[in-house]
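K.L.:
Supplied in structure tokens, the structure appears directly below.
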Ligand code: BGC
């Protein structure tokens, strides 16, 4: 029935538009996830370094007795960097990452995802060199952090893009969550390195934590030399042969495989479709296009930008970084705790150990479920912390049991974040943009993450601090984070669609057809190839021939046997309205639909015969 409608050869069968998942696909994405180490480590080390005696003496001229572990000639309370210096040194990184994330998208479209990440690693290394060379020179140190931030901005944006574009749909969420896992490991490693060098009486105290980062750059940069470019980038550039080759590589299939042909055809058709919908204009015009469309239409570009930026903003406003940036000081203020640093380490560990749960949860329970229920969990925990903090846990109540209870709730709150909003924020921004604006969309959303990250880094100390001009909120700040989580939950409920188990191309279709609240039940009914066929049969036929020519030629080049039988088949196909005369005509057919398009990520493959 369906085949009769399609006057050309292509994947009308939904089960055929992606190859089975191979170990190789897992390994490539798992490797790319290492980019998260930069993010986590770089945000993690600065707080420890700013509190190191050697670093403080270097930038203030104070003296410190390393044997007795106390400052000389100054009250320990006042021994530290001025707030303005601390604030500048901390937040300048987010400033660099903000701009890095914004421009990375354009560069990734221009020179490719892979090369942009490699350049990001190089820029990052230059920033590290400047920081290491900056002994006692605030300007150079700050400039170094700005440059390193630029590199982190490149990496944090383009890794998400790259991973989402190469990961198989069934495990895309899980693999992008691995990126979040690497962020958490980065934070933990930074804490450990800083802990081990903090008492050194030389520049090694801060140079070692900075220098360790070269290792991440080396691993990621070298690895990406070997890994292939995203096939979707090649499609965008009209390089079908290269697209076929890299798709075959990341799927671990021979280039002549029907899976590769079908998936490539679907990517090409989707791109074609998007290009018809989004008007192509000048450079400025293409930026403006990101904000184009109606607010009422779920698939308009502006709605997707709101989705990406909103998710990143609300992820930051859950208040998680208040715990990671200022946890130590906050726990100190609670009194009754003998080792606040240890508690901070515990919170970081809870973060690392909880995140892997999301690998499975994001694929089984789905993005929407995790965001809505994760926010609910955080609302409850944060309100408990705040309520206990203003009653039994008050500093003058001196009740260690109440304080321990607060710490337990903070850990459970971290658990909720680490299994839900932490990874899912990144998963969704990798999935929600159509190819023509994907790199910019991911860039703008990531920049939004860093923008709010920076705001929290600057504002939070004044909210809880007890110095003059500070609000001295203490544990009451958790009323604010808890209330903000209510907005995070509402945002997820009204605006985040369910994307699990769909290809990036099917997500486009789903956003076009249903509202976020109905998205969970949406099933793909057709493919872009089929859609385009209806719109423009002749053009699609040519396009599909191009894909076959590309896969056949690229396959021939790889195996050293050019043309021959393949070309012959193509020529035959040119005479045949249904393709090139081989046995695999229009794929699918009535029976193939029901079980092939299920949203269960682990459904069994369809058995369509060719
Ligand atoms: C957030 C970071 C945060 C980290 C904690 C990430 O998803 O974007 O700001 O520090 O999670 O694990």
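Numbering (the numbering used here), first residue to last: 139 to 748.
No residue lacks a Cβ here, since even glycine has one placed at the ideal position from N, Cα and C.
(1) Just verifying my parser: in three-state terms, what is the DSSP assignment at residue 220?
(2) Which residues in the same chain as residue 237 place their Cβ atom closer than 7 Å to its Cβ, once the five residues preceding and following it in sequence are excluded?
(3) If I follow the unbroken alpha helix (DSSP H) through residue 115, where does it start and stop?
(4) Is residue 384 buried or exposed, if buried means 16 or more other CB atoms sit within 10 Å of its CB?
(5) If the criterion is Cβ atoms closer than 8 Å, does the pair residue 299 and residue 282 meet it?
(6) What three-state label does DSSP hand residue 297 in the structure shown?
(7) Quick check: is any heavy atom of the ligand BGC less than 7 Å from the C-beta of residue 520?
(8) Does DSSP classify residue 391 as helix, strand or coil?
(9) Is residue 632 buried or exposed, if buried means 16 or more other CB atoms sit within 10 Å of its CB?
(10) Taking the C-alpha atoms as reference points, what is the distance between residue 680 and residue 554?
(11) Just verifying my parser: in three-state terms, what is the DSSP assignment at residue 214?
(12) Within 7 Å: the Cβ of residue 462 and any heavy atom of the ligand BGC?
(13) Between which two residues does the alpha helix (DSSP H) carrying residue 203 extend?
(14) Helix, strand or coil: which one does DSSP assign to residue 208?
(15) Using a Cβ-Cβ cutoff of less than 7 Å, which residues in the same chain neighbour residue 568 once the five nearest sequence positions on both sides are dropped?
(16) If residue 284 sits next to residue 241, beta carbons under 8 Å apart, how far is it from one beta carbon to the other, in whole angstroms?
(17) Assuming residue 280 and residue 227 make a contact with CB atoms under 8 Å, what is their CB distance in whole Å?
(18) Are residue 382 and residue 402 closer than 8 Å when you measure CB to CB?
(19) Report the option in 561, 585, 615, 552 whose CA atom is closest to the CA atom of residue 310.
(20) By Cβ distance, which residues of its chain are closer than 8 Å to residue 498, with the 5 residues on each side in sequence left out?
(21) Here's a check: name, in chain order, each residue in its chain whose Cβ is nearer than 8 Å to the Cβ of residue 607, leaving out the five neighbours to either side.
(22) What are the boundary residues of the alpha helix (DSSP H) that residue 162 is part of?
(23) What's the C-alpha gap between residue 494 and residue 662?
(24) Please check the pair residue 323 and residue 183, which I expect to be a contact at CB under 8 Å, by giving their CB distance rounded to whole angstroms.
(25) Going by the beta-carbon positions, is the gap between residue 640 and residue 648 smaller than 8 Å?
(26) With 16 as the cutoff for other CB atoms within 10 Å, does residue 439 come out buried or exposed?
(27) How about residue 456 and residue 509: do their beta carbons lie closer than 8 Å?
(28) Cα separation between residue 468 and residue 159?
(29) State the start and end residues of the unbroken alpha helix (DSSP H) segment that holds residue 367.
(30) To the nearest angstrom, how far is the alpha carbon of residue 258 from that of residue 526?
(31) Can you list, in chain order, the residues of its chain with a C-beta nearer than 7 Å to that of residue 233? Leave out the 5 residues immediately preceding and following it.
P.N.:
Result, derived from the coordinates:
(1) It is coil, neither helix nor strand.
(2) In chain order, 288, 291 place their CB closer than 7 Å to the CB of residue 237, counting only its own chain and leaving out the 5 sequence neighbours on each side.
(3) Because the chain in this structure spans residues 139 to 748, residue 115 falls outside the shown range and cannot be described.
(4) When all chains shown are included, residue 384 counts as buried.
(5) Cβ atoms of residue 299 and residue 282: not closer than 8 Å.
(6) Residue 297: helix per DSSP, three-state reduction.
(7) Residue 520: no, Cβ never under 7 Å from the ligand BGC.
(8) Reduced to three states, the DSSP call for residue 391 is coil.
(9) The C-beta of residue 632 has fewer than 16 other C-beta atoms within 10 Å across all chains shown, which makes the residue exposed.
(10) Distance between the alpha carbons of residue 680 and residue 554: 50 Å.
(11) It is helical.
(12) Answer for residue 462: yes, Cβ within range of the ligand BGC.
(13) Note, residue 203: premise wrong, no alpha helix (DSSP H); beta strand (DSSP E) at 201-203.
(14) In the structure shown, residue 208 sits in a strand (DSSP, three-state: E or B).
(15) Taken in chain order, the residues that qualify are 298, 299, 301, 302, 314, 580.
(16) No, residue 284 and residue 241 are not in contact; Cβ-Cβ is about 14 Å, not under 8 Å.
(17) With a Cβ gap of about 6 Å, residue 280 and residue 227 count as contacting.
(18) Yes, the Cβ-Cβ distance between residue 382 and residue 402 is below 8 Å.
(19) Nearest of 561, 585, 615, 552 to residue 310, Cα basis: 561.
(20) 312, listed in sequence order.
(21) Spatial neighbours of residue 607 in its own chain (CB-CB distance under 8 Å, excluding positions within 5 residues in sequence) are listed in chain order as 600.
(22) Unbroken alpha helix (DSSP H) run through residue 162: 161-170.
(23) In a straight line, the C-alpha of residue 494 is about 29 Å away from that of residue 662.
(24) About 13 Å separates the two Cβ atoms, so there is no contact after all.
(25) In contact: residue 640 and residue 648 (Cβ atoms closer than 8 Å).
(26) Buried, because 16 or more other Cβ atoms sit within 10 Å of the Cβ of residue 439.
(27) No, they are not a contact pair.
(28) Cα to Cα, the separation comes out at about 45 Å.
(29) That residue, residue 367, is in no alpha helix (DSSP H); it is neither H nor E in DSSP.
(30) Our two residues, residue 258 and residue 526, have alpha carbons roughly 45 Å apart in a direct line.
(31) Listed in chain order, the non-local C-beta contacts of residue 233 below 7 Å within the same chain comprise 284, 287, 592, local neighbours out to five positions each way being set aside.
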